[in-house]
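Asker: Heads up: the protein sequence lines correspond to chains Z and Y, in order. In this text, residue positions in the first sequence follow the working numbering: the first is 1, and each later residue adds one. In this text, residue positions in the second sequence follow the working numbering: the first is 1, and each later residue adds one. Here it is, the structure in full.
Protein chains: 2
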Amino acid sequence: MRITGLVTHDIRFPTSLELDGSDAMNPDPDYSAAYVVVRTDAPDGLEGHGFAFTIGRGNDVQTAAIRTLEPYLVGRDLEATLDDLGGIWKLMVHDSQLRWLGPEKGVMHMAVSAVVNALWDLKAKRAGKPVWELLADLTPEELVDLVDFRYLTDALTPDEALDILRKAEPGRAARKKELQAAGYPGYTTTPGWLGYDDAKLRKLCREAVEAGFTQIKLKVGADLDDDLRRMRIAREVVGADIRIAIDANQRWDVGPAIDWVRALAVFDPWWVEEPTSPDDVLGHATIARAIAPVRVATGEHVQNRVVFKQLLQSGALSYLQLDAARVAGVNENVAILLLAAKFGVPVCPHAGGVGLCELVQHLSMFDFVAVSGSMTDRVIEYVDHLHEHFVDPVRVERGRYLAPSSPGFSATMKPGSLSRYAYPDGPVWTELRRAV
Amino acid sequence: MRITGLVTHDIRFPTSLELDGSDAMNPDPDYSAAYVVVRTDAPDGLEGHGFAFTIGRGNDVQTAAIRTLEPYLVGRDLEATLDDLGGIWKLMVHDSQLRWLGPEKGVMHMAVSAVVNALWDLKAKRAGKPVWELLADLTPEELVDLVDFRYLTDALTPDEALDILRKAEPGRAARKKELQAAGYPGYTTTPGWLGYDDAKLRKLCREAVEAGFTQIKLKVGADLDDDLRRMRIAREVVGADIRIAIDANQRWDVGPAIDWVRALAVFDPWWVEEPTSPDDVLGHATIARAIAPVRVATGEHVQNRVVFKQLLQSGALSYLQLDAARVAGVNENVAILLLAAKFGVPVCPHAGGVGLCELVQHLSMFDFVAVSGSMTDRVIEYVDHLHEHFVDPVRVERGRYLAPSSPGFSATMKPGSLSRYAYPDGPVWTELRRAV
C-alpha cells in the first residue's frame with residue numbers, strides 16, 4: 001500500500017463581507033484554507049485531510065508551497081510512513097533546499113503543517129480513533145520519538161520529556177473518562193470583534209454568560225477610548241466572576257503596550273494577547289514584567305518551537321496559545337506541549353478562523369490526558385463560525401468542548417463546501433464577481 | 001507615467017553538480033533567483049530588476065509570492081511611487097491579508113524584498129546613480145522616512161535615528177571620495193566549503209592571501225575532527241595575521257555550539273557564524289557569553305528587523321550580517337544599519353549565492369558614507385561565483401570591493417542568463433534532464 005497522491009484546494013470564504021473577524025490588525029479577512037488531501041491505494045479508501053489557515057490573499061501561494069512537498073509523499077509505503085511520522089516530519093522540515101525559504105517559519109512551515117496534520121488524520125482514521133485518543137494511547141517513548149529536539153535541548157531534553165510523560169501515565173485512564181464525561185472548557189471570542197456596536201457587544205456578552213462560558217475575549221488596540229468604553233460595558237454585563245481576556249493582535253510597540261494595558265487594568269483583564277510583534281521575545285518579557293498582575297498570552301503567530309522555547313525561558317508568557325496549523329503540525333505541537341509542561345505554563349490554544357477549533361481540541365485533550373494532566377486555567381478558544389462546513393464539527397455545550405469520538409482529526413471539509421468555495425472559480429466567487 | 005507590469009522569472013543554476021556552496025546544512029544547493037522585473041510606460045524604457053535568492057526547490061513558490069504583490073504596483077503613478085518608497089513598503093509589508101503568511105518573515109517577506117529592491121534599482125537608474133550613492137545623497141530626514149519604526153521604538157526612535165544620520169553628515173563628502181579611491185574591504189569564503197579536500201583547501205587559502213584578502217572563512221560543524229584538521233591547515237597556510245572566521249550554518253544546539261567553538265578556539269577563530277537556529281536570540285546570547293573572546297556573527301537567515309533588534313539588545317552579536325534579499329529590501333536594511341549604529345555593532349553583510357555580492361556592496365558603502373562612517377572591522381563577504389551572469393558585476397581587487405559607478409542596484413541579470421537558466425524549461429535544464 002502506497003501514498004498515491006496529494007491534491008490541493010484553494011478554499012476561501014468571503015467573510016470580509018461581514019465584520020466577523022475584524023480586529024485592530026485584520027480589518028477584512030476572508031477566512032481561507034490551503035487544503036490538502038492525501039490519497040492512497042489502500043482498499044479502505046481512506047484519505048488524510050489537512051489545511052493551513054490563511055485570511056485570503058496569498059492562499060494560492062500557500063497551496064503552491066504544499067505542492068512542493070509532494071515528492072516526499074507520493075510512492076512512499078503507507079504503513080511505514082504512518083508508523084514513523086517523526087521521520088517524515090524531519091525529512092520535510094529539514095529539506096536542505098526548502099528550508100532556505102524559512103527555515104521553519106511562514107509559508108513553508110505552514111505547508112508542512114497541513115501535510116503533517118493530514119497524515120495524522122489518515123493515521124487516526126485507519127486506527128478508528130480521534131487524534132486526541134490516538135496520541136493519548138501512545139507510550140511515552142513513542143511520543144518522544146515524534147519530537148525533533150533540535151534547538152530545544154538547552155530547555156528540554158528527550159529524557160526530561162520522557163519524565164514528564166511517564167509521570168502523567170498512571171492517571172491517563174481516569175482522565176480520559178473525565179474528559180469523555182465532562183468535556184474541556186472553552187472560552188468565546190464571539191462578543192468581542194471590533195466591528196460590532198455597543199448594543200451588539202452587550203447582547204453577545206450576555207448570551208455568552210447564558211451559554212455557560214466563564215471567559216470571554218475582547219479585541220482591543222485600535223482606539224483607547226473605544227476600548228475603555230467597551231471594557232466597561234463588557235464588565236458591567238458579565239459581572240466580576242467572568243474572565244475577560246483582551247487581544248491586541250500585535251498592534252503596539254513595547255512602550256505603548258504597557259501604557260495601554262495599564263489604562264485598561266481597572267477592568268481586570270485576565271490576559272492581554274499579542275501585545276506586540278510575535279517575534280519580539282524580549283519585548284513580551286518586558287511587557288509581562290511591567291503589566292503584572294495582568295498576564296501575557298501569545299502564540300497564534302509564533303512561528304515555531306524555538307520561539308516558544310524562548311518565550312518560556314524569558315518568563316514572557318503566562319498562557320501559551322499554540323496554533324494547530326502554523327507550526328509544523330501535531331509533531332511540533334507535541335514538542336510545544338512538553339515545553340509548556342516543563343515550564344509549568346498552561347496551554348490555551350488559538351482557534352477560530354476556519355477549522356482551527358476542530359483541530360486544536362484534539363491537542364488540548366491529549367495534553368490533559370497524557371502531558372500536563374490538568375485543565376486548571378486551561379481553555380480552548382471558541383468562535384461559532386464556519387463549523388457547518390465540516391463533516392465532524394466541534395460540539396460545544398455549556399461552555400465546554402465535548403470530546404470528539406469520530407476517527408480522525410475533525411479536519412475533513414464537506415465536499416460541497418470544497419466545491420462551492422473554491423477560489424477563484426467556485427460558484428460563490430463567480431457569483432460575487434458577477435454581483436460587483 | 002505609470003508602472004505597467006511585473007514580470008517574474010524562475011531562474012536556477014545547477015550548482016549542486018559541483019561542491020561549491022556545500023556546508024553542514026546545505027549539501028546540495030542549486031543557487032536560484034526568484035527574479036522580478038518592474039516595467040513602466042516611461043519613455044526612458046528603464047526597468048527595475050530585483051530578486052529573492054533561494055537554493056533551488058521552492059523557487060517557484062517564491063516567484064508566486066512575488067506575483068501576489070502585483071496589485072500594489074500595476075497602474076500606480078511612477079514618480080509618486082519612487083518618491084515615497086517608505087510608503088509602498090508599508091503598504092506591501094502590512095497588507096492585512098498577506099501578513100498572515102508571515103508576518104514579516106519567510107517567503108512573503110522575501111517577496112517584498114525582491115519588489116522593493118527592484119523599485120530601488122529603477123529609482124537609481126532614473127537618477128543616474130548607483131544605489132549606494134543615491135542613498136548617501138538623501139538627507140537624514142529623507143532616510144528616516146524610508147524606515148518603518150513599528151516594533152523598534154523600545155530600541156531606536158526616529159529622533160535617535162536622525163541624530164545618528166546628522167552626526168555622520170559632515171563627513172559624507174570626504175568618505176565618498178575615500179570609498180571611490182580605495183574601495184571597501186572584502187573577505188572570501190571561497191577556500192572553505194566542506195566539500196573540498198585538504199589539498200584544495202590549502203591551495204585556495206594560499207591564493208586568498210595572495211589575492212590581498214585579510215580575512216577568510218571556513219565552513220564547520222559536520223565533524224569536529226575534520227574541523228580541527230582543516231582549521232590547523234588554514235592557520236598554517238595563512239599565518240597569524242589573517243583572520244579566519246568559521247561558519248556553522250545553524251548546525252548546533254546551544255550546548256554543543258559552546259563545546260565545539262571552545263575546541264576550535266586554539267586556532268583563534270575571528271568569529272563563529274550561525275552557531276545555532278537563527279530564531280534563537282537567547283541561545284545566541286548564551287553562546288556569545290560562553291565563547292568570548294571568540295565573537296558571534298549572524299544574520300543571513302534573520303527574518304526581520306525585530307529579531308535583529310533583540311540580537312543587539314541582548315548582546316548576542318559582535319558582527320551583524322545583514323542580507324540584501326531576506327528582510328524586506330533596502331528600506332528594512334536602512335533600519336537595520338541604524339540599529340547596528342545605535343548599538344555600535346559593525347555590519348559585515350552576508351553575500352555569495354547568486355547576486356548577493358552585487359546587492360550588499362551598495363548597503364555597506366552607504367553605511368560607510370552616511371551612517372556608521374567607519375570601515376573598521378567591517379568586511380563584505382565575497383565568493384567568486386556566478387558574477388558573469390550580471391550586466392554590472394562586482395569588481396574586487398586586492399581584497400577590496402570597488403565602488404560601483406553604473407546607475408542602479410547592480411541587480412540586472414543578462415538576458416541570455418535569464419533565458420538559459422529558466423526553470424524548468426530553459427535549455428540548461430532541458431539538457432540536464434536529457435542527460436539523466
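Cβ coordinates follow ideal geometry from the N, Cα and C atoms, glycine included.
Please report the residue range of the alpha helix (DSSP H) in which residue 305 (chain Z) lies.
Answerer: 305-313
Asker: In chain Z, what lies closer than 7 Å to residue 323 (chain Y) by C-beta?
Answerer: In chain order: nothing, as chain Z lies at least about 11 Å away.
Asker: With 9 Å as the limit, tell me which residues of the stretch 90-110 of chain Y have their beta carbon closer than that to any beta carbon of chain Z; keep them in chain order.
Answerer: 94, 95, 96, 97, 98, 99, 100, 101, 102, 103, 104, 105, 106, 107, 108, 109, 110
Asker: Quick check: the stretch 212-221 of chain Y against the stretch 235-251 of chain Y, are there 3 or more CB pairs under 8 Å?
Answerer: The stretch 212-221 of chain Y vs the stretch 235-251 of chain Y: in contact.
Asker: Could you check whether the stretch 336-349 of chain Z touches the stretch 100-108 of chain Z, counting it as contact only if at least three pairs of C-beta atoms, one from each stretch, sit closer than 8 Å?
Answerer: No, the stretch 336-349 of chain Z is not in contact with the stretch 100-108 of chain Z.
Asker: Look at the alpha carbon of residue 259 (chain Z) and the alpha carbon of residue 268 (chain Z), and state the distance between them as a whole number of angstroms.
Answerer: 15 Å
Asker: Straight-line CA distance for residue 225 (chain Z) to residue 233 (chain Z)?
Answerer: 12 Å
Asker: Going by the DSSP bridge assignment, what does residue 49 (chain Y) pair with across the sheet?
Answerer: Note: residue 49 (chain Y) sits in a beta bridge opposite Y:37.
Asker: Residue 271 (chain Z) lies in the alpha helix (DSSP H); which residues open and close that run?
Answerer: Per DSSP, residue 271 (chain Z) belongs to no alpha helix (DSSP H); it is in the beta strand (DSSP E), 269-273.
Asker: Quick check: what's the CA-CA separation for residue 375 (chain Z) versus residue 368 (chain Z)?
Answerer: Rounded to whole angstroms, the separation of the alpha carbons of residue 368 (chain Z) and residue 375 (chain Z) is 6 Å.
Asker: Quick check: what's the CA-CA separation for residue 70 (chain Y) versus residue 333 (chain Y)?
Answerer: 22 Å
Asker: Does any residue of chain Y bring its CB to less than 7 Å from the CB of residue 61 (chain Z)?
Answerer: At least one C-beta of chain Y is nearer than 7 Å to the C-beta of residue 61 (chain Z).
Asker: Closer than 9 Å, Cβ to Cβ, to anything on chain Z: give me those residues from the stretch 271-301 of chain Y, in chain order.
Answerer: Near chain Z, meaning a CB-to-CB distance below 9 Å, the residues of the stretch 271-301 of chain Y are 276, 277, 278, 279, 280, 281, 282, 283, 286, 301.
Asker: Looking only at its chain, what residues have a beta carbon closer than 7 Å to the beta carbon of residue 254 (chain Z), apart from the 5 residues adjacent to it on each side?
Answerer: 276, 283, 286, 287
Asker: Applying a beta-carbon distance threshold of less than 9 Å, which residues of chain Y neighbour residue 26 (chain Z)?
Answerer: 96, 97, 99, 100
Asker: Could you give the C-beta distance for residue 397 (chain Z) and residue 350 (chain Z), rounded to a whole number, given that I count them as a contact under 8 Å?
Answerer: Contact between residue 397 (chain Z) and residue 350 (chain Z) does not hold, since the beta-carbon distance rounds to 22 Å and is not under 8 Å.
Asker: Residue 41 (chain Y) and residue 76 (chain Y): beta carbons closer than 7 Å?
Answerer: no
Asker: Tell me which same chain residues have a C-beta within less than 7 Å of the C-beta of residue 79 (chain Z), skipping the five on either side of it?
Answerer: 1
Asker: Do residue 116 (chain Z) and residue 446 (chain Z) have their beta-carbon atoms positioned less than 7 Å apart in this structure?
Answerer: The question about residue 446 (chain Z) has no answer, for chain Z in this structure spans 1 to 436.
Asker: Secondary structure at residue 211 (chain Z), three-state DSSP: helix, strand or coil?
Answerer: Annotated three-state conformation of residue 211 (chain Z) is coil, per DSSP.
Asker: Quick check on this structure: which residue in Y:339, Y:313, Y:314 has the alpha carbon closest to the alpha carbon of residue 322 (chain Y)?
Answerer: Y:339
Asker: Would you give the residue range spanned by the alpha helix (DSSP H) that residue 287 (chain Y) belongs to?
Answerer: Secondary structure note for residue 287 (chain Y): its alpha helix (DSSP H) is the uninterrupted segment 281-291.
Asker: In angstroms, rounded to a whole number, what distance separates the CA positions of residue 128 (chain Z) and residue 66 (chain Z)?
Answerer: 26 Å
Asker: Is the distance from the Cβ of residue 373 (chain Z) to the Cβ of residue 168 (chain Z) below 7 Å?
Answerer: yes
Asker: Quick check: what's the CA-CA separation for residue 200 (chain Y) versus residue 364 (chain Z)?
Answerer: 55 Å
Asker: Examine chain Z for any beta-carbon lying closer than 7 Å to the beta-carbon of residue 112 (chain Y), and answer yes or no.
Answerer: No, residue 112 (chain Y) does not count as interfacial toward chain Z.
Asker: My assumption, with CB atoms under 8 Å, is that residue 195 (chain Z) sits in contact with residue 380 (chain Z). Please give the rounded CB distance.
Answerer: About 24 Å separates the two Cβ atoms, so there is no contact after all.
Asker: What's the call for residue 210 (chain Z), buried or exposed, on a 16-neighbour Cβ count within 10 Å?
Answerer: exposed
Asker: Are the stretch 24-44 of chain Y and the stretch 85-94 of chain Y touching by the rule of at least three beta carbon pairs closer than 8 Å?
Answerer: no
Asker: Would residue 416 (chain Z) be called buried (16 or more neighbouring beta carbons within 10 Å of its own) or exposed?
Answerer: Exposed, since its Cβ has fewer than 16 Cβ neighbours within 10 Å.
Asker: Please determine if the stretch 3-16 of chain Y and the stretch 376-395 of chain Z are in contact, where contact requires at least 3 C-beta pairs separated by less than 8 Å.
Answerer: The stretch 3-16 of chain Y, when compared against the stretch 376-395 of chain Z, does not touch it at the 8 Å Cβ threshold.
Asker: Starting from residue 340 (chain Z), trace the alpha helix (DSSP H) in both directions and tell me its first and last residue.
Answerer: 329-343
Asker: Could you list which residues in chain Z have their beta carbon closer than 9 Å to that of residue 303 (chain Y), in chain order?
Answerer: 102, 105, 106, 279, 303
Asker: Report the three-state DSSP secondary structure of residue 94 (chain Y) (helix, strand or coil).
Answerer: coil
Asker: So, with DSSP's three-state summary, where would you put residue 256 (chain Z)?
Answerer: helix
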